[in-house]
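Engineer: Numbering of the sequence shown is given in the numbering used here, commencing with residue 29 and proceeding in unit increments.
Think of the CB as a built atom: it goes at the ideal place given N, C-alpha and C, for glycine as much as any other residue.
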Amino acid sequence: MCQATRTTSHSVHDQGEPALSAQSRLGRRLIQLYVGLALYGASSALLVEAGLGLEPWGVLHQGLAELTGVSIGVVSIIVGAAVLLLWIPLRQRPGLGTVSNVFVVGIAMDATLAAVPDVHGLAVRTPVLLAGILLNGVATGLYIAARFGPGPRDGLMTGLHRRTGRSIRLLRTGIEMAVVVTGFALGGTIGVGTVLYAVSIGPLAQLFLRVFAVSPASDGSTVVAAGQPRGAILRP
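See the structure below:
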């Protein structure tokens, strides 16, 4: 009886550990997702505050905000929702991260802009720009490593890639050029920050993807690939 009891106890314990481990990984992934999206919104707000140039979609958001008088965070939400509608003919399936992206980034962006005082002078604006780009890389690593689905804009690119057979690099370049030109025409800011963001966000995101990668599940399934995620699209 005693031996049987010990055997049963070990069996229950062995069955419980994987379940607890899976719950732990899920909890970490959820935290990474929402912290990453919130920090992405905050980083975008810092780029706006710096006034030295925005990331491509930020240029469009700012231009539309200037045109409509609506806050840039709300514009980000509206644009994200509109892009998500384009997934329908592309037969893309959104994930939790996709839907959360639409709202969390815009809300965090407006909240940060309301909390951070205006900055003046190049000596202050430059560090704010650099902090925004670095924080954007951290945020990108966090939310992509969580693996809850691509952002609306990324899904548009991957969906077009599947439907047209064109390379993601070509589609991304074409879409972002159109976005930048349109945003600039509407009053969005292009500058040294836009160029610096373009050349640095890839290496930064890849670095933080490795830092925040979730360990593989014990049953052999992979939550986040252990190797470097090649071809990751680095924007919500």
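Spatial neighbours of Val63 within its chain, please: C-beta separation below 7 Å, excluding the five flanking residues on both sides.
Structural biologist: Numbered from 1 along the sequence shown, position 35 holds the residue referred to as residue 63. Closer than 7 Å at Cβ, skipping near neighbours: Leu170.
Engineer: If you compare alpha carbons, which of Gly123, Pro155 and Ile116 is closest to Leu80?
Structural biologist: Stepping through the sequence shown from its first residue, residue 80 is reached at position 52. Of the candidates Gly123, Pro155 and Ile116, the one whose C-alpha sits nearest the C-alpha of Leu80 is Pro155.
Engineer: Below 8 Å on the Cβ atoms is my guess for Gly215 versus Glu94; work out the distance and round it to an integer in Å.
Structural biologist: Reading the sequence shown from its first residue, position 187 is the one you call residue 215. Reading the sequence shown from its first residue, position 66 is the one you call residue 94. About 4 Å; that satisfies the 8 Å criterion.
Engineer: What residue range is occupied by the uninterrupted alpha helix (DSSP H) comprising Glu94?
Structural biologist: Within the sequence shown, the letter at position 66 stands for residue 94. Run containing Glu94: Pro84 to Thr96, per the alpha helix (DSSP H) assignment.
Engineer: When the Cα atoms are used, what is the spatial distance from Gly165 to Gly69?
Structural biologist: Numbered from 1 along the sequence shown, position 137 holds the residue referred to as residue 165. Numbered from 1 along the sequence shown, position 41 holds the residue referred to as residue 69. Cα to Cα, Gly165 sits roughly 12 Å from Gly69.
Engineer: Can you have a look at Asp146 and say buried or exposed, based on whether 16 or more other CB atoms are within 10 angstroms of its CB?
Structural biologist: Counting from 1 along the sequence shown, the entry for residue 146 is found at position 118. Classification of Asp146: exposed, given that the 10 Å Cβ count is below 16.
Engineer: Go ahead and pull the three-state DSSP assignment for Phe176.
Structural biologist: Counted from its first residue, the sequence shown places residue 176 at position 148. Of the three classes helix, strand and coil, the one that applies to Phe176 here is coil, per DSSP.
Engineer: Is the beta carbon of Phe176 sitting closer than 8 Å to the one on Gly123?
Structural biologist: Translated into the one-based positions of the sequence shown, residue 176 becomes position 148. Translated into the one-based positions of the sequence shown, residue 123 becomes position 95. Yes. Within cutoff.
Engineer: Reducing DSSP to helix, strand and coil, say where Ser52 ends up.
Structural biologist: In the sequence shown, counting from the first residue as 1, residue 52 sits at position 24. In the structure shown, Ser52 sits in a helix (DSSP, three-state: H, G or I).
Engineer: So Gly160 packs on Ser71, CB below 8 Å; how close in whole Å?
Structural biologist: Position 132 of the sequence shown, counted from the start, is the residue given in the question as residue 160. Position 43 of the sequence shown, counted from the start, is the residue given in the question as residue 71. Their Cβ separation, rounded to whole angstroms, is 5 Å, which keeps Gly160 and Ser71 in contact under 8 Å.
Engineer: Note down the Cα distance separating Ile196 from Leu188, rounded to an integer number of angstroms.
Structural biologist: Start at 1 with the first residue of the sequence shown, and residue 196 comes out as number 168. Start at 1 with the first residue of the sequence shown, and residue 188 comes out as number 160. Each residue's Cα considered, the two are about 8 Å apart.
Engineer: Considering only the alpha carbon of each residue, which of Ser52, Ala50, Gln60 and Ser99 lies closest to Ala73?
Structural biologist: By 1-based counting over the sequence shown, the position of residue 73 is 45. With distances taken between Cα atoms, Ala73 lies closest to Ser99.
Engineer: Can you check the segment 128-210 for any alpha helix (DSSP H) of at least 4 residues that lies completely inside it and give the ranges in chain order?
Structural biologist: Complete alpha helix (DSSP H) runs here, min 4: 150-174 and 180-192.
Engineer: Can you tell me where the alpha helix (DSSP H) holding Pro117 begins and where it ends?
Structural biologist: Along the sequence shown, read from residue 1 onward, the residue named residue 117 stands at position 89. Run containing Pro117: Trp115 to Leu118, per the alpha helix (DSSP H) assignment.
Engineer: Is the Cβ-Cβ distance between Pro84 and Val208 less than 8 Å?
Structural biologist: By one-based count along the sequence shown, residue 84 stands at place 56. By one-based count along the sequence shown, residue 208 stands at place 180. Yes, the Cβ-Cβ distance between Pro84 and Val208 is below 8 Å.
Engineer: Can you tell me the Cα-Cα spacing of Ala136 and Gln51, whole angstroms?
Structural biologist: Locating residue 136 in the sequence shown gives position 108, where the first residue counts as 1. Locating residue 51 in the sequence shown gives position 23, where the first residue counts as 1. Roughly 27 Å between the two C-alpha positions.
Engineer: Starting from Val242, follow the alpha helix (DSSP H) in both directions and report where the run begins and ends.
Structural biologist: Translated into the one-based positions of the sequence shown, residue 242 becomes position 214. Here Val242 belongs to no alpha helix (DSSP H), and DSSP marks it neither H nor E.
Engineer: Roughly how many angstroms separate the alpha carbons of Arg168 and Gly86, rounded to a whole number?
Structural biologist: As a working note, residue 168 is residue 140 in the sequence shown. As a working note, residue 86 is residue 58 in the sequence shown. One point to set straight first is that residue 168 is Thr, not Arg, in the sequence displayed. If I take the Cα positions, the gap works out to 15 Å.
Engineer: Looking only at its chain, what residues have a beta carbon closer than 7 Å to the beta carbon of Val239, apart from the 5 residues adjacent to it on each side?
Structural biologist: Here residue 239 refers to the residue found at position 211 when the sequence shown is read from its first residue. Once the five neighbours on either side are set aside, the close Cβ partners of Val239 are Gly169.
Engineer: Quick check on this structure: which residue in Gly55, Arg53 and Leu82 has the alpha carbon closest to the alpha carbon of Ile229?
Structural biologist: Here residue 229 refers to the residue found at position 201 of the sequence shown. Per the Cα distances, Leu82.
Engineer: Mind checking whether Pro180 and Thr126 have CB atoms under 8 Å apart?
Structural biologist: On the sequence shown, residue 180 is found 152 positions in, with the first residue counted as 1. On the sequence shown, residue 126 is found 98 positions in, with the first residue counted as 1. Closer than 8 Å, so yes.
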